[in-house]
DNA sequence: GAATACTGTTAGCCATTCCTAAAAATATTT
DNA sequence: AAATATTTTTAGGAATGGCTAACAGTATTC
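As structure tokens, then:
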């Protein structure tokens, strides 16, 4: 082995650069090539801001970039982009599946929080979602109970019935 | 009535200004007076940055400020500070009580996420914590089950025993 | 009350991230 | 292939939020 690659993502980027990376990844996945114009419209920034972001990401070794050429993600860039997307998904999943928040707010919240949430919390959140889905005490009963609680402010009174449901599993 | 006050907090401040406001509120609560020196050391910024933040917060009508004088929060500033602190607490509570995350990470995560989380999500999170504490399916059984799940990757096998616990309540 | 120490402010600087307008490169059309 | 259209880059500027070093006020001590 000539030399080991950076084992893990070293530090975290600014929220802004994470957004660019995430967007680039998604556009490449969908259309093979990520063009400045589309990145700009997705992120609602000007095309010149995209150029500057390219320079910054390239200087950090996350994308391969030369003026007027097609950009690609470096291995480090791929890893980083996937990490951001993983955080995004973990958050959105939790918001929808556990908190029963609407799709729009869930997406919006994930977009913002993904840049701030420590990895330990993302991990726990992911575990919590799968726990709730698997645990007999959890599952859809718990979630529908929570939804009801949100609407009425009270926990469901038919507890025995509900626990009977639990026992069936 | 001469004119109505702004009913609710209008928009959200930058993360930085929210941090200043939060810190000012806490220091005033604790020591009556918030001095630039202490704010600086709490937030790990220079004293001159604090002066600049004072100007900005004052210009936004959130603190009363005149050079060399004691600063105070305006009613709008109080409201805003309380709102930030509420978000902080809601997040930290959730991290500790539900995700069973350590105090340090919970605090750190709350500090960062509080500036990004939409209010709808904070509300749901708060409701979820109290729901889990009240619902017979939830409570300490669920949390300890989750903790076990985090450690072992499996849900607790003693389901009947656990549901029996539920029934006792 | 004068000297000293401490705190707060100003001045000037830097990085980030956005912008618009103009110029350069690339792609498309005829 | 020349003209036109589109895309990308450059140039120059603004706002935010941080910094250090020097200066100005306030407080304390002798």
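Protein chains in written order, with this note's numbering: chain A, 2 to 170; chain B, 2 to 170.
A virtual CB, placed ideally from N, CA and C, is assigned to each residue, including glycine.
No experiment lies behind these values; they were computed from the predicted model shown.
Next item on the list: Report the rounded CA-to-CA distance for residue 53(A) versus residue 46(A), giving the unit in angstroms.
Entry: Using only the alpha carbons, I get a separation of about 11 Å.
Check: In chain A, which residues lie less than 7 Å from residue 91(B) when you measure between Cβ atoms?
Finding: Neighbours of residue 91(B) on chain A: none; closest Cβ ~12 Å, over 7 Å.
Next item on the list: Enumerate in chain order the residues of its own chain whose CB-to-CB distance from residue 98(B) is below 6 Å, with the five nearest sequence positions on each side excluded.
Entry: Answer for residue 98(B): 130, listed in chain order.
Checklist line | For residue 52(A), the three-state DSSP class (helix, strand or coil) | finding: The three-state secondary structure of residue 52(A), taken from DSSP, is helix.
Check: If we ignore side chains and look at the alpha-carbon of each, how far apart do residue 132(A) and residue 105(A) end up?
Finding: Approximately 25 Å, taken between the alpha carbons.
Next item on the list: Quick one: which residues of the region 29-63 of chain B get their C-beta closer than 9 Å to a C-beta of chain A? List them in chain order.
Entry: Hits within the stretch: zero.
Check: Out of curiosity, what's the CA-to-CA distance linking residue 72(A) and residue 108(B)?
Finding: So the two alpha carbons sit approximately 39 Å from each other.
Checklist line | Residue nearest to residue 90(A) in terms of C-alpha spacing, selected from 110(A), 77(A) and 75(A) | finding: It is 110(A) whose Cα lies nearest to the Cα of residue 90(A).
Item checked: Chain-ordered neighbours of residue 119(A) on chain B, where CB pairs are closer than 8 Å -> Those within 8 Å of residue 119(A) in chain B are 106, 109, 110 and 113.
Item checked: Alpha carbon of residue 102(B) to alpha carbon of residue 122(A), nearest angstrom -> C-alpha separation (whole angstroms): 7 Å.
Next item on the list: Compare the beta carbon distance of residue 117(A) and residue 114(B) with 8 Å and say whether it is the shorter of the two.
Entry: Yes, these two residues count as a Cβ contact at 8 Å.
Margin query: For residue 33(A) and residue 66(B), what's the separation of their Cα atoms in angstroms?
Written below: Taking the straight line joining both Cα atoms gives about 55 Å.
Notebook entry, point to check: Is it right to say residue 12(B) is buried, meaning 16 or more other beta carbons lie within 10 angstroms of its own, or is it exposed?
Noted result: By the neighbour-count rule (16 or more Cβ atoms within 10 Å), residue 12(B) is not buried but exposed.
Check: What is the residue span of the alpha helix (DSSP H) that residue 92(B) lies within?
Finding: Annotation: the continuous alpha helix (DSSP H) that includes residue 92(B) extends over 76-94.
Margin query: Against chain A, which members of the region 93-104 of chain B pass a CB distance test of less than 9 Å?
Written below: Listed in sequence order: 96, 99, 100, 101, 102 and 103.
Notebook entry, point to check: For the candidate residues 135(A), 17(A), 40(A) and 14(A), whose alpha-carbon lies nearest to that of residue 26(A)?
Noted result: When the alpha-carbon of residue 26(A) is set against those of 135(A), 17(A), 40(A) and 14(A), the nearest one is in 40(A).
Notebook entry, point to check: What are the partner residues of residue 64(B), as DSSP defines its beta bridges?
Noted result: Paired residue(s): 74(B).
Check: Hey, does residue 122(B) have any beta-carbon neighbour from chain A nearer than 8 Å?
Finding: For residue 122(B), the answer is yes, since a Cβ of chain A falls inside 8 Å of its Cβ.
Note to self: Check whether chain A comes within 8 Å of residue 26(B), counting only Cβ atoms and requiring the distance to be less than that.
What the structure shows: For residue 26(B), not one C-beta of chain A is nearer than 8 Å to its own C-beta.
Notebook entry, point to check: Closest to residue 112(A) by CA distance: which of 120(A), 124(A), 126(A) and 93(A) is it?
Noted result: If we check each option's Cα against that of residue 112(A), 93(A) comes out closest.
Item checked: For residue 20(A) and residue 44(A), believed in contact at Cβ under 8 Å, the rounded distance -> Contact holds; Cβ gap of about 6 Å.
Item checked: Interface positions of the region 12-24 of chain B facing chain A (Cβ-Cβ less than 9 Å), listed along the chain -> Within the region 12-24 of chain B, contact with chain A at the beta-carbon level (separation under 9 Å) is assigned to 16.
Checklist line | Simplified DSSP state of residue 125(A), which is helix, strand or coil | finding: Here residue 125(A) sits in helix by DSSP.
Next item on the list: Go ahead and pull the three-state DSSP assignment for residue 15(A).
Entry: Of the three classes helix, strand and coil, the one that applies to residue 15(A) here is coil, per DSSP.
Item checked: Coil, strand or helix - residue 99(B) by DSSP -> Three-state DSSP puts residue 99(B) in a helix.
Next item on the list: Could you tell me whether the Cβ atoms of residue 126(A) and residue 100(B) are closer together than 8 Å?
Entry: Judged by beta-carbon spacing, residue 100(B) lies within the 8 Å limit of residue 126(A), meaning their Cβ atoms are closer than that value.
Item checked: Interface flag, residue 126(A) vs chain B, CB-CB below 8 Å -> Interface residue, yes.
Note to self: By the three-class DSSP mapping on this structure, what secondary structure does residue 33(A) have?
What the structure shows: The answer is coil: DSSP assigns residue 33(A) none of H, G, I, E or B.
Check: What is the C-beta distance between residue 61(B) and residue 48(B), in whole angstroms, given that I count them as a contact (C-beta under 8 Å)?
Finding: Rounded, the Cβ-Cβ distance is 21 Å, inconsistent with contact.
Notebook entry, point to check: Contact check, residue 77(B) vs residue 23(B) under 8 Å by CB: the rounded distance?
Noted result: 15 Å between Cβ atoms; not a contact.
Check: Going straight from the alpha carbon of residue 16(B) to that of residue 128(A), what length do you get?
Finding: Each residue's alpha carbon lies about 29 Å from the other.
Notebook entry, point to check: Under a Cβ-count criterion, where at least 16 other Cβ atoms within 10 Å of its own Cβ denotes burial, should residue 68(A) be classed as buried or exposed?
Noted result: Residue 68(A) is exposed by the Cβ-count criterion.
Check: Could you give the distance in angstroms between the alpha-carbon of residue 124(B) and the alpha-carbon of residue 95(B)?
Finding: Computed Cα separation, rounded: 11 Å.
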